[in-house]
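Here's the structure we're looking at; comments come further down.
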Amino acid sequence: MTAPGPGGFETAAGSGPYFGEFGGRFVPEALIAALDELETAYEKARSDPEFTGELARLHRTYTGRPSIITEVPRFARHCGDARVILKREDLNHTGSHKINNVLGQALLTKRIGKTRVIAETGAGQHGVATATAAALFDLECVIYMGEEDTRRQALNVARMRLLGAEVVPVRTGSHTLKDAINEALRDWVTNVETTNYVFGTVGGPHPFPAMVRDFQRIIGEEARAQVLELTGALPDVVAACVGGGSNAIGIFHAFLDDPVRLVGFEAGGEGVETGRHAATITGGAPGVLHGARSFLLQDEDGQTIESHSISAGLDYPGVGPEHAWLSSVGRAEYRPITDAAAMEAFLLLSRTEGIIPAIESAHALAGAIQLGREAAEAGRRDTILVNLSGRGDKDVETAGRWFGLLDEQALREERA
Amino acid sequence: MSTSTSLTAARLDAVRAEGRAALVGYLPVGFPDPASCVTAVRTMIDAGVDVVELGVPYSDPVMDGVVIQAAVERALAGGVRVADTLRTVEAVAGTGVPILVMTYWNPVVRYGVDAFARDLAAAGGAGLITPDLIPDEADDWLTASDAHGLDRVFLVAPSSTTERLALTARASRGFVYAASTMGVTGTRASVGTQARRLVEDTRRAGAERVCVGLGVSTPAQAAEVAEYADGVIVGSAFVRPLLDAASVRDGVAELGRVVAGLADGVRGGGR
Numbered sequence: 001m002t003a004p005g006p007g008g009f010e011t012a013a014g015s016g017p018y019f020g021e022f023g024g025r026f027v028p029e030a031l032i033a034a035l036d037e038l039e040t041a042y043e044k045a046r047s048d049p050e051f052t053g054e055l056a057r058l059h060r061t062y063t064g065r066p067s068i069i070t071e072v073p074r075f076a077r078h079c080g081d082a083r084v085i086l087k088r089e090d091l092n093h094t095g096s097h098k099i100n101n102v103l104g105q106a107l108l109t110k111r112i113g114k115t116r117v118i119a120e121t122g123a124g125q126h127g128v129a130t131a132t133a134a135a136l137f138d139l140e141c142v143i144y145m146g147e148e149d150t151r152r153q154a155l156n157v158a159r160m161r162l163l164g165a166e167v168v169p170v171r172t173g174s175h176t177l178k179d180a181i182n183e184a185l186r187d188w189v190t191n192v193e194t195t196n197y198v199f200g201t202v203g204g205p206h207p208f209p210a211m212v213r214d215f216q217r218i219i220g221e222e223a224r225a226q227v228l229e230l231t232g233a234l235p236d237v238v239a240a241c242v243g244g245g246s247n248a249i250g251i252f253h254a255f256l257d258d259p260v261r262l263v264g265f266e267a268g269g270e271g272v273e274t275g276r277h278a279a280t281i282t283g284g285a286p287g288v289l290h291g292a293r294s295f296l297l298q299d300e301d302g303q304t305i306e307s308h309s310i311s312a313g314l315d316y317p318g319v320g321p322e323h324a325w326l327s328s329v330g331r332a333e334y335r336p337i338t339d340a341a342a343m344e345a346f347l348l349l350s351r352t353e354g355i356i357p358a359i360e361s362a363h364a365l366a367g368a369i370q371l372g373r374e375a376a377e378a379g380r381r382d383t384i385l386v387n388l389s390g391r392g393d394k395d396v397e398t399a400g401r402w403f404g405l406l407d408e409q410a411l412r413e414e415r416a
Numbered sequence: 001m002s003t004s005t006s007l008t009a010a011r012l013d014a015v016r017a018e019g020r021a022a023l024v025g026y027l028p029v030g031f032p033d034p035a036s037c038v039t040a041v042r043t044m045i046d047a048g049v050d051v052v053e054l055g056v057p058y059s060d061p062v063m064d065g066v067v068i069q070a071a072v073e074r075a076l077a078g079g080v081r082v083a084d085t086l087r088t089v090e091a092v093a094g095t096g097v098p099i100l101v102m103t104y105w106n107p108v109v110r111y112g113v114d115a116f117a118r119d120l121a122a123a124g125g126a127g128l129i130t131p132d133l134i135p136d137e138a139d140d141w142l143t144a145s146d147a148h149g150l151d152r153v154f155l156v157a158p159s160s161t162t163e164r165l166a167l168t169a170r171a172s173r174g175f176v177y178a179a180s181t182m183g184v185t186g187t188r189a190s191v192g193t194q195a196r197r198l199v200e201d202t203r204r205a206g207a208e209r210v211c212v213g214l215g216v217s218t219p220a221q222a223a224e225v226a227e228y229a230d231g232v233i234v235g236s237a238f239v240r241p242l243l244d245a246a247s248v249r250d251g252v253a254e255l256g257r258v259v260a261g262l263a264d265g266v267r268g269g270g271r
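Line order of the protein sequences matches chains A and B. Under full-length UniProt numbering, residues 1 to 416 are what the first sequence spells out, in order. Under full-length UniProt numbering, residues 1 to 271 are what the second sequence spells out, in order.
So, in structure tokens, the structure goes:
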């Protein structure tokens, strides 16, 4: 591990625009003024008690924070008898960690006097969270979603429309999340005077990676104190799934300067060796996509390669620049988890603990199984903190198909 | 703005000496296919384009509207490679019309910034237009373009501050690309009224040559922009005939007519 500078990794991570050689602003000049405006507004807001107080009030009275931690001993028996503790972001209003970031950015939108928000969404969780905040704050809301994803996540499309958002199916490129981001960026370039782009993950141009991280840090701050209180010690390992990487960075950050292993689990799809995966750090290379220099899945010409994952929320060929940096300096490890391993963990948590996780979070659970068994083989019984970033209600149909639990005939008749 | 080795600046100055603005014409490499692209570019040059802008097809073109997206998707589906850009430059260079390459940044990063500059210069290219690279992030490219004597065209937008106009003017060589409106490429009913002010502000910030792009599609619009800019950049209006035509031959013929109309426009015709 590269030794951190004075103040440790937390200080070295800083507030952008660069994380080592990663990050920056690779966007059209037309957006620079808006990014500067956002950066300035955010720098003021983060130290303004009125802003931080209002956000804290919303966390408490709207989202339901602090989210609890749950120890899962029956699940842990399958993890080499490790001690496994879940941080329950699935219990937040709207069902995932996404709301933490969205409330912060919606408040900021009000502060800079804009009346319209746009966002991209893959699985629909960030879109639902943004539509929710737009309803709460009376903002016009347009969500861009790859046409492919609107089919995979039809219920979330209906949820966003119920909340009053316009959902635009994106039919360019590969019809998935990356193309939804392209379309949202085109909208932003055109309507930037009235519109704020509520970016969903710790990627994109500065200040998004640092700002979204700051809005998600609450996960790790709460969890660190909660685990200390429960066990009297820090966990040995923190595990989280990584698509763009916002839930992972949110829980990692509080532990950056602790003697705690940080492991991010990427979507291995059908296996990294098959080329059909979304494991950007494991199987990608450095480059520039959607405004930041980071790792991405690309061919030898620098064309973005389509990613593949059973989890729409991890199905993205890029990753946040701070993760690329944490990987490059050796502070965090990144490993792939296949669709099959994630689904096995999905079923296991449901059956042993009565908690149905999001398929995204199931990648972190599968990671905990690996880590716990490896520790057991080395003769240790580790405490593993897992970020359960979302609940699995949205994934019941996917899981039903995977495990053959659906009565297909009845479904067809119902739809006819 | 440095001008010592600029092919594009020399061409714009020669055009200015004729008392008119230049016509800068865009087409994506490999569209409608690699061989026809070369024919189409030669047609554009014969019909009166003063500077050519060849686009590198890219999977995520965030500054492009539907027409150019469709053309680029077709080129990529046809298997076009970044190396085809260099081959196309080589095939159309040497007529006295500067060949600029418009590229999103990742293909250049992947190729290697210095290697791409070296190979582009060897192919006879004049330089790069970089829609998603701002001078603040361009250290490698500033060095490579100096080393290989290439132009570097950065963009300004109606939202750019005075400080950023100055920064961009200083970093650019050849000309500064003024985006006429806030938005992406594509034809529009009118060119923004902001364009004239942006050109004036960019000159005041130190730019010697400013060309206007985004939304120009008719001879009348070209004539209007030609009154205050050094050049008029046209993309979607040149791509459209090739997208819409029943055959490549028909498309190229129609392209020639559209170019001739706009070439007349920059000479003050078509109003």
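Each residue gets a CB set at the ideal place from its N, CA and C atoms; glycine is no exception.
Residue burial is scored here from C-beta neighbours: ASP214(A) has at least 16 other C-beta atoms within 10 angstroms and is therefore classed as buried.
At least one CB atom of chain A sits nearer than 8 Å to the CB of PRO107(B).
Between the beta-carbon of VAL263(A) and that of ALA239(A) there is about 5 Å, and that keeps the pair under the 8 Å contact cut. Setting aside the 5 residues that flank it on each side, ASP33(B) is surrounded in the same chain by GLY78, each with a C-beta closer than 7 Å to its C-beta; the list follows chain order. Looking at the backbone, the Cα of ALA144(B) and that of ALA14(B) are separated by about 27 Å. Chain-ordered listing is empty here: chain B has no CB closer than 7 Å to the CB of THR194(A), the nearest sitting near 11 Å. Secondary structure in the stretch 155 to 203 of chain A: the alpha helix (DSSP H) runs of 4 residues or longer, each lying completely within the stretch, are 177 to 191 in chain order.
As for any beta strand (DSSP E) of minimum length 3 sitting wholly inside the stretch 28 to 90 of chain B, the runs are 51 to 55, ordered along the chain.
Counting only unbroken stretches of 4 or more residues, the alpha helix (DSSP H) elements lying wholly within the stretch 3 to 56 of chain A are 8 to 13 and 32 to 46, in sequence order. In terms of beta-carbon proximity, GLU221(A) stays away from the interface with chain B, with every pair separated by 8 Å or more. Per the coordinates, the alpha-carbon of ALA378(A) lies some 14 Å from the alpha-carbon of ILE369(A). Proximity to PHE346(A) across ALA399(A), LEU297(A) and LEU296(A) peaks at ALA399(A), based on C-alpha coordinates.
GLU224(B) is a Cβ neighbour of VAL191(B), given a cutoff of 8 Å. Taking CB atoms only, ARG335(A) has no neighbour in chain B less than 8 Å away. Residue environment analysis places LYS98(A) among the buried positions, since at least 16 neighbouring C-beta atoms fall within 10 angstroms of its C-beta. The Cβ-Cβ distance between VAL101(B) and VAL56(B) falls below 8 Å.
The beta carbon of SER160(B) falls within 8 Å of a beta carbon belonging to chain A, placing the residue at that interface. Between ARG391(A) and ALA362(A), the CB-CB gap reaches or exceeds 8 Å. Listed in chain order, the non-local C-beta contacts of VAL82(B) below 7 Å within the same chain comprise VAL56, PRO107 and TYR111, local neighbours out to five positions each way being set aside. With respect to chain B, the C-beta atom of ARG276(A) has no partner C-beta closer than 8 Å. Not a single C-beta of chain A is nearer than 8 Å to the C-beta of GLN194(B). In summary, ILE68(A) is exposed, with fewer than 16 beta-carbon neighbours lying within 10 Å of its beta-carbon over all protein chains present.
Distances from the CA of VAL80(B) to each of VAL67(B), THR95(B) and SER59(B) were compared; the closest alpha carbon is that of SER59(B). Judged by DSSP in its simplified three-state form, ALA22(B) adopts strand.
The residues PHE295, LEU296 and GLN298, in chain order, have a CB closer than 8 Å to that of ALA285(A) in the same chain once the five nearest residues on each side in sequence are set aside. The beta carbon of SER59(B) falls within 8 Å of a beta carbon belonging to chain A, placing the residue at that interface. Shown here, THR143(B) sits in a helix according to DSSP, grouped into three states.
Scanning chain B for C-beta atoms nearer than 8 Å to the C-beta of ARG25(A) yields ILE134, ASP136 and GLU137, reported in chain order. Here the C-alpha atom of VAL198(A) lies approximately 8 Å from the C-alpha atom of ALA106(A). Listed along the chain, the chain A residues whose CB falls inside 7 Å of the CB of GLY183(B) are VAL189 and THR190. In this model, ALA364(A) and ARG88(A) are separated by some 13 Å (Cα to Cα). With its beta carbon at least 8 Å from every one in chain B, PRO169(A) lies outside the interface. A straight-line Cα-Cα distance of about 37 Å links GLY80(A) and ILE305(A). Close partners of MET63(B) in chain A (Cβ separation under 9 Å): PRO28, ALA30, LEU185, ARG186 and VAL189. For the 8 Å CB-CB criterion, VAL153(B) and SER180(B) do not form a contact.
Under the DSSP assignment, ASP114(B) falls outside any beta strand (DSSP E), being part of the alpha helix (DSSP H) whose first and last residues are 113 to 123.
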